[in-house]
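Here's the structure, in structure tokens; my notes come after.
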Amino acid sequence: MATFQVVTEQHGELNCWRISSDRAELLIAQQGAQVLSYQQVGEPPLLWLSDQAIFRQGKSVRAGVPVCWPWFGNLQRNPQAVQAMYQGTPAPAHGLARTRDWQLLGIEEVGETLRIEFELPEARGDLPGWPHDVELKLVVEMGAELKLSLTSRNMGNTPVTISQALHSYFAVSDVRQARVEGVDGLGYIETLAGWEQRQQQRALTFAGETDRIYLNTPQTLSIVDPHC
151 MATFQVVTEQ
161 HGELNCWRIS
171 SDRAELLIAQ
181 QGAQVLSYQQ
191 VGEPPLLWLS
201 DQAIFRQGKS
211 VRAGVPVCWP
221 WFGNLQRNPQ
231 AVQAMYQGTP
241 APAHGLARTR
251 DWQLLGIEEV
261 GETLRIEFEL
271 PEARGDLPGW
281 PHDVELKLVV
291 EMGAELKLSL
301 TSRNMGNTPV
311 TISQALHSYF
321 AVSDVRQARV
331 EGVDGLGYIE
341 TLAGWEQRQQ
351 QRALTFAGET
361 DRIYLNTPQT
371 LSIVDPHC
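So for the sequence shown, this note's numbering puts the first residue at 151; every next one is plus one.
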């Protein structure tokens with residue numbers, strides 16, 4: 151039977167929870183319900199957290215798994231239906247959820263897994279410039295592996311169109327030697343070359359700045375780090 155320990159911590163201006171077991175350790179911030187770090191015992195970190203990270207209210211931490219919602223990236227690059235949902239100005243990158251405080255609904259042990267559930271109350275019509283009634287929840291499950299589930303439920307009477315992402319920062323020993331497998335043959339949009347559509351050949355490797363949108367991806371991709 152796994153034993154979990156939950157400790158409340160303050161990192162800069164952010165309230166956080168550090169959750170540990172005999173198998174792994176997890177750090178989550180209340181702001182954005184953002185997983186900041188995750189590391190299995192005796193292994194290198196799976197998620198990246200910078201030594202120079204800034205923990206400030208209203209500023210997303212570049213680490214772990216930020217929640218991008220109700221749009222991803224630049225709003226103007228999203229479908230028109232997503233843009234039409236927002237009535238404010240300016241539109242922050244990656245939406246509104248990642249810099250708001252989420253409510254911790256509960257922490258419970260389910261067998262060998264610890265289940266942590268968050269909700270963003272402001273998504274029920276109180277987000278600035280986004281007056282729609284959506285129940286937005288994030289469930290984090292920590293056991294033999296880490297699982298995150300983001301769900302949006304329209305509680306109103308009119309359609310709501312969103313884009314969303316769990317914007318994971320994965321830790322690797324040397325990005326120039328790491329590769330992503332499972333993308334061979336896929337089409338992608340090269341955002342650094344005028345949003346031109348191209349086709350991937352072989353695994354994805356990194357020789358410089360890379361910013362792409364892959365299309366019709368499989369459910370599972372693999373990051374291969376030869377030094378881990």
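Where a beta carbon is used, it is the ideal one built from N, C-alpha and C, also for glycine.
Residue pairing by DSSP puts residue 217 in a beta bridge opposite 316. Between residue 331 and residue 340, the gap from beta carbon to beta carbon reaches 8 Å or more. Listed as beta-bridge partners of residue 288 by DSSP are 268 and 300. Runs of the alpha helix (DSSP H) spanning 4 or more residues and lying entirely within the region 179 to 258 occur at 230 to 233, in chain order. Note: residue 359 is not bridge-paired with any residue in the DSSP secondary-structure output. Look at residue 177 here: in three-state DSSP terms it is strand. Pairing residue 334 with residue 162, the inter-Cα distance amounts to about 42 Å.
Here residue 196 is actually not in contact with residue 202; their C-beta atoms are around 20 Å apart, not less than 8 Å. DSSP lists 331 as the bridge partner or partners of residue 372. Under the 10 Å beta carbon count, residue 292 is surrounded by 16 or more other beta carbons and is classified as buried. In this structure, 336 is the residue among 336, 153, 374 and 237 with its C-alpha nearest to the C-alpha of residue 368. Taking the Cβ atoms as the reference, residue 327 lies roughly 21 Å from residue 338, outside the contact range of under 8 Å.
Distance from the CA atom of residue 274 to the CA atom of residue 320, rounded to whole angstroms, is 31 Å.
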